[in-house]
Amino acid sequence: MKYIVTGGAGFIGSHIVDALIKKGYKVLIIDNMVTGKKENINPKAEFYKLDIFNENDIEYLFKGVDGIFHTAALARIQPSFEDPDLYFKANTVGTRNVLVCAKKYGVKRVVYSASSSAYGDTVIPTLEDEKIVSQSLHPYGSTKRMGEMLMSDLGIMTGGPETVCLRYFNVYGPRQTTETDGAYPTVIGLFLGLLKKKKSLTIVPDGHQRRDFTWVGDVVNANILAMESKKVGKAEIINIGSGENYSIWNIARLVLELPEKTSEKELLESGKCVFAPQRRGEVRETLANIFKAKKFLGWQPKMKFKNGIKELLKK
Ligand SMILES: NC(=O)c1ccc[n+]([C@@H]2O[C@H](COP(=O)([O-])OP(=O)(O)OC[C@H]3O[C@@H](n4cnc5c(N)ncnc54)[C@H](O)[C@@H]3O)[C@@H](O)[C@H]2O)c1
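Numbering (our numbering), first residue to last: -5 to 309.
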């Protein structure tokens, strides 16, 4: 089998590449390295430093390919407010280009890395058919939602490839960015980065917002099952989360390896945690209903959150 992984030098994409190589498959990576890292690139994969925004540059690579794991995207909320057009080009036009090239060369299936951020503030726990209120989104969430629509419009409905959309809930694991300046890491990466620098963990805004976290290895399994399952292919939208959620304070205690009973007051007074200003576009709570993933993919998360954090602290 021959697969393309777009964004294969990024956090999630590089883990998908590693799993495919381990299975003995041929893998082509398309990545423009805007956030991808050289050290993530599996040396057994063919690497092409190209931008999915440029259809003509990438098209020839799709010949003879069996499937595509489409993970390439600008993947952070905050910078999407600064330059929404850049997000539109990479995430929406880029996704369109991947689908058009896949159709041209008869690629069987595209598995799309969608995002739970498409829900905005919504009903908890969240089912896939929950109504999306576009006003509650941010440019990043909108472009990820548009990508799902393209998976439908340019998929088998109009003679294109089979498609599946996996809506990930906060993915964490090795290789996630832990840079604390400018790279907009998600909370676990940020806390690990601050810990390494012996700095206080920053709590935004009151720390009581809750997130559903998914281990990257579980996300990889979901991708492989989505590529292989006979029950999907018609642009289904499937939540990939753990079905449990944790507050920011919970995470701080776990990362600091402190007992669950450590109070917020103690954390603040000891200087281990400090408050930081609210950021735009952050929802109060995320929690996936993962029934559909179990039913259609036979998938369920294997990594327990506390064990996942322990793994990361060992590194
Ligand atoms: N990390 C999460 O918690 C999370 C949650 C939901 C959805 N997602 C989605 O999963 C996917 C992967 O996210 P990630 O966290 O691994 O991010 P990442 O930034 O580590 O990886 C994205 C990769 O895509 C590449 N890329 C970006 N624009 C490109 C372009 N125009 N052409 C070619 N390559 C390009 C980057 O260089 C990078 O290597 C994204 O589609 C993201 O929207 C991630």
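Backbone N, C-alpha and C define an ideal beta-carbon position, used for all residues, glycine too.
Buried/exposed call for residue i, threshold 16 Cβ in 10 Å
i	result
K286	buried
L307	exposed
Y54	exposed
V11	buried
G116	The sequence shown places Thr at residue 116, rather than the Gly named in the question. Buried, because 16 or more other Cβ atoms sit within 10 Å of the Cβ of T116.
Q170	buried
A67	buried
T152	exposed
P253	exposed
D212	buried
N301	exposed
E33	exposed
G265	exposed
E333	The requested residue 333 does not occur in the structure, where the chain is confined to residues -5 to 309.
K193	exposed
E230	buried
P271	exposed
K138	buried
V92	buried
R274	exposed
C56	Before going on, a small fix: residue 56 reads as Phe here, not Cys. Result: buried.
G187	buried
G176	exposed
F299	buried
V181	buried
G269	Inspection of the sequence shows that residue 269 is occupied by Phe rather than by Gly. When all chains shown are included, F269 counts as exposed.
P199	exposed
V(-1)	buried
S136	buried
Element boundaries [alpha helix (DSSP H), containing residue i]
i	result
E302	The sequence shown places Gly at residue 302, not Glu. It spans 299 to 308 - the alpha helix (DSSP H) in which G302 sits, taken as one unbroken run.
G2	No alpha helix (DSSP H) holds G2; DSSP gives it neither H nor E.
K286	285 to 291
V21	First-last for V21: 20 to 24, but that is the beta strand (DSSP E), not the alpha helix (DSSP H).
I245	242 to 249
D77	Careful: D77 lies outside any alpha helix (DSSP H) and carries neither H nor E.
Terminal residues of the beta strand (DSSP E) in which residue i lies
i	result
I46	No beta strand (DSSP E) contains I46, which DSSP labels as neither H nor E.
F63	61 to 64
Whether residue i touches residue j by CB criterion (8 Å)
i	j	result
E156	G227	yes
V249	L195	yes
E49	V94	yes
V165	T208	yes
S257	Q203	no
L261	A246	yes
T280	S74	no
V214	G114	no
P161	N244	The sequence shown places Arg at residue 161, rather than the Pro named in the question. No, these two residues do not count as a Cβ contact at 8 Å.
G183	V210	no
I15	K38	yes
T86	M140	yes
N36	S8	yes
T29	G4	yes
V101	I62	yes
R59	V105	What sits at residue 59 in the sequence shown is Val, not Arg. No. Outside cutoff.
D206	E173	no
A96	G154	yes
I24	Y(-3)	no
Y134	Y81	yes
L44	R90	no
W293	L219	yes
P336	S223	Any answer about residue 336 is impossible in this case: the structure gives the chain only from -5 up to 309.
CB contact check: residue i to chain C, cutoff 8 Å
i	result
A3	No chain C appears in the structure shown, which is made up of a single protein chain.
heavy atom of ligand 3 below 7 Å from residue i C-beta
i	result
L144	This structure simply doesn't include ligand 3; it includes ligand 1 instead.
Start-end ranges of the alpha helix (DSSP H) lying completely within the region 149 to 232, minimum 4 residues: 181 to 190, 210 to 222
Those runs of the alpha helix (DSSP H) which lie wholly inside the region 84 to 148 and span at least 4 residues: 88 to 98, 133 to 147
Unbroken stretches of the beta strand (DSSP E), 3 residues or longer, contained in the region 253 to 283: 267 to 269
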